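So the sequence shown is numbered by our numbering: it starts at 1 and just counts up by one.
Think of the CB as a built atom: it goes at the ideal place given N, C-alpha and C, for glycine as much as any other residue.
It should be emphasised that the depicted structure is a prediction, and the values quoted were computed from it without experimental measurement.
These notes concern the structure reproduced below.
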Amino acid sequence: MPRTYHAAARPTMYFIGVTTTKSSIMKVFPAWARELNLDAVIEGIDLPLDDTPEHYREVVDFIKHDPHSLGALVTTHKLNLYKAAHELFDGVGHETELLDEVSSVSKRGDQLWGHAMDPVTSGLALEAIVPDGYWSRTGGELLLLGAGGSSLALTLYLHNRQAAGGDVPSRIVVTNRREARLREMRTVHERLGFTIPVDYRLAPEPSDNDAQLRTLSPGSVVVNATGLGKDRPGSPLTDAARFPADAIAWDFNYRGDLVFLDQARARRDASGPSVVDGWLYFIHGWTRVIAEVFHIDIPTHGPVFERLSRIARDVTKEHA
1 MPRTYHAAAR PTMYFIGVTT TKSSIMKVFP AWARELNLDA VIEGIDLPLD
51 DTPEHYREVV DFIKHDPHSL GALVTTHKLN LYKAAHELFD GVGHETELLD
101 EVSSVSKRGD QLWGHAMDPV TSGLALEAIV PDGYWSRTGG ELLLLGAGGS
151 SLALTLYLHN RQAAGGDVPS RIVVTNRREA RLREMRTVHE RLGFTIPVDY
201 RLAPEPSDND AQLRTLSPGS VVVNATGLGK DRPGSPLTDA ARFPADAIAW
251 DFNYRGDLVF LDQARARRDA SGPSVVDGWL YFIHGWTRVI AEVFHIDIPT
301 HGPVFERLSR IARDVTKEHA
């Protein structure tokens, strides 16, 4: 059944997700808009997981042709939305061509543009978690639980970093419940000429992910990129999972019932693991897309970025 969208009465940015009303951005955006002197509002558009191609095309077509609809940030639906509606975009960024996904929808005059921002935003978040030289110093590896768009984007960031002579993990392990996503990632990696060793592991059960944890070197980074804990309840691990010594447990989510991080905390001792939620990823993700949609400069570090991060923290605490 077609969905109905109503013309925006004023400049509007959209958040296309699954449970957008629960996101802190609905309170944070108005505060950021005041700070950045943006005369605009935000509205959420909730679509079910793996929605129909028709519904994805409808929302993109609406934004494209509505004068006051300026763009959108897309989560969860990044791959499916672009697959269904790619012909509606007048232009896309290089990363979108590589990854076949969009996380940013924006306009340049009467043209609709799509960008895959995660290779930038996930990389910025990772750089804040692991200092320069971390991988070579520790010998740590990277385990990505989930082979969706965010995981693929992080591997692209690491590929680009290696090409520039930067420090990268000695090995990447990617797990997923479905073989198709692993094949898609492998295909992209082969197209890129990816040279970091990657193990693609089918993991239909949480116990399969537990088994991959046991193969990791000390100091490895373990990422929950499944959406479990936010989009759906649960964790990709069992309660019996054992993290390697000095590991870092990073959840791409910052809200929801973050069972993955609770499991990591339950195993914490003198040798770790350290626990990091997705808050900084959230800040970088939104500020990069806002900069694209409104055609403004927002630094990725320094006083302005720190002020925006502080505003977001304060607003979130007020509404906790």
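Candidates the options, of which the one nearest residue i by Cα
{"i": "Tyr157", "options": "Asn209, Val173, Ala125", "result": "Ala125"}
{"i": "Thr52", "options": "Arg3, Pro119, Asp262, Gln162", "result": "Arg3"}
{"i": "Val276", "options": "His115, Glu58, Asp50, Ile129", "result": "Ile129"}
{"i": "Leu79", "options": "Asp61, Leu49, Ile196", "result": "Leu49"}
{"i": "Ala147", "options": "Ala245, Trp279, Val173", "result": "Val173"}
{"i": "Trp286", "options": "His189, Asp39, Glu184, Ala72", "result": "Ala72"}
{"i": "Pro11", "options": "Ile311, Ile45, Ser69, Asp210", "result": "Ser69"}
{"i": "Asp118", "options": "Ile311, Thr300, His284", "result": "His284"}
{"i": "Asp231", "options": "Lys22, Val105, Leu38, Ala7", "result": "Lys22"}
{"i": "Thr193", "options": "Gln162, Glu101, Tyr281", "result": "The residue you asked about is not Thr; residue 193 is Gly in the sequence shown. Ranking the options by Cα distance to Gly193, first place goes to Gln162."}
{"i": "Asp167", "options": "Tyr134, Gly302, Ala153, Leu142", "result": "Tyr134"}
{"i": "Glu306", "options": "Leu280, Asp39, Ala291", "result": "Leu280"}
{"i": "Phe243", "options": "Gly256, Ser217, Ser235, Pro233", "result": "Ser217"}
{"i": "Asp208", "options": "Arg191, Gly234, Ala241, Leu182", "result": "Ala241"}
Cβ-based burial, residue i [other Cβ within 10 Å; buried from 16]
{"i": "Ser169", "result": "The question names Ser, but residue 169 in the sequence shown is Pro. Counting Cβ neighbours within 10 Å, Pro169 comes out buried, since at least 16 surround it."}
{"i": "Ser122", "result": "buried"}
{"i": "Glu95", "result": "buried"}
{"i": "Glu288", "result": "First, the residue type needs correcting, since residue 288 is Arg and not Glu in the sequence shown. The residue in question, Arg288, is buried, as its Cβ has 16 or more Cβ neighbours within 10 Å."}
{"i": "Gly140", "result": "buried"}
{"i": "Thr238", "result": "exposed"}
{"i": "Thr187", "result": "exposed"}
{"i": "Pro236", "result": "buried"}
Cβ-Cβ separation, residue j to residue i (assumed contact under 8 Å), whole Å
{"i": "Gly322", "j": "Leu99", "result": "Residue 322 lies beyond the residue range present for the chain, which begins at 1 and ends at 320; the question has no answer from this structure."}
{"i": "Glu127", "j": "Leu308", "result": "In fact, because the Cβ distance is near 18 Å, the residues do not count as touching under 8 Å."}
{"i": "Ile248", "j": "Val221", "result": "5 Å"}
{"i": "Thr75", "j": "Asp46", "result": "Contact doesn't hold; Cβ gap of about 11 Å is too wide."}
{"i": "His86", "j": "Ser104", "result": "Not quite, the Cβ-Cβ distance comes to about 14 Å (not below 8 Å), so this is no contact."}
{"i": "Thr316", "j": "Val28", "result": "7 Å"}
{"i": "Asp246", "j": "Gly219", "result": "5 Å"}
{"i": "Ile322", "j": "Ala31", "result": "Missing from the structure shown is residue 322; the chain here goes from 1 to 320 and no further."}
What beta strand (DSSP E) runs, 3 residues minimum, are completely inside the stretch 134-178?
-> Uninterrupted beta strand (DSSP E) stretches at least 3 residues long and entirely within the stretch 134-178 occur at 142-145, 172-176, given in chain order.
Inter-stretch contact (C-beta, 8 Å, three-pair minimum) for the stretch 82-90 and the stretch 107-116 | With the cut-off at 8 Å, the stretch 82-90 and the stretch 107-116 touch.
Three or more beta-carbon pairs under 8 Å between the stretch 293-307 and the stretch 266-281, yes or no?
-> Not touching, per the Cβ criterion.
Just list the beta strand (DSSP E) runs in the stretch 44-78, keeping only unbroken ones of 3 residues or longer that don't cross its boundaries, in chain order.
-> Counting whole runs of 3 or more residues, the stretch 44-78 contains the beta strand (DSSP E) stretches 69-74.
Could you name each continuous beta strand (DSSP E) segment of 3 residues or more that falls completely within the stretch 190-272, going from the start of the chain to the end?
-> Qualifying beta strand (DSSP E) stretches, in chain order: 198-202, 221-224, 248-251.
If you scan the stretch 266-312 from start to end, which runs of the alpha helix (DSSP H) of 4 or more residues do you find wholly inside it?
-> You should have 279-294.
Kindly provide the ranges of any alpha helix (DSSP H) runs that are 4 or more residues long and lie completely inside the stretch 79-128, ordered along the chain.
-> Restricted to the stretch 79-128, the alpha helix (DSSP H) segments that are unbroken, complete and at least 4 residues in length are 94-99, listed in chain order.
The stretch 168-184 touching the stretch 197-207, judged by at least three CB pairs closer than 8 Å = Touching, per the Cβ criterion.
Cβ pair count under 8 Å reaching 3, the stretch 3-16 against the stretch 234-253 = Contact between the stretch 3-16 and the stretch 234-253 is absent, because fewer than three Cβ pairs lie under 8 Å.
Looking at C-beta atoms only, is the number of pairs between the stretch 255-265 and the stretch 218-237 that lie closer than 8 Å three or more?
-> Proximity of the stretch 255-265 to the stretch 218-237 meets the contact definition, three or more beta-carbon pairs being nearer than 8 Å.
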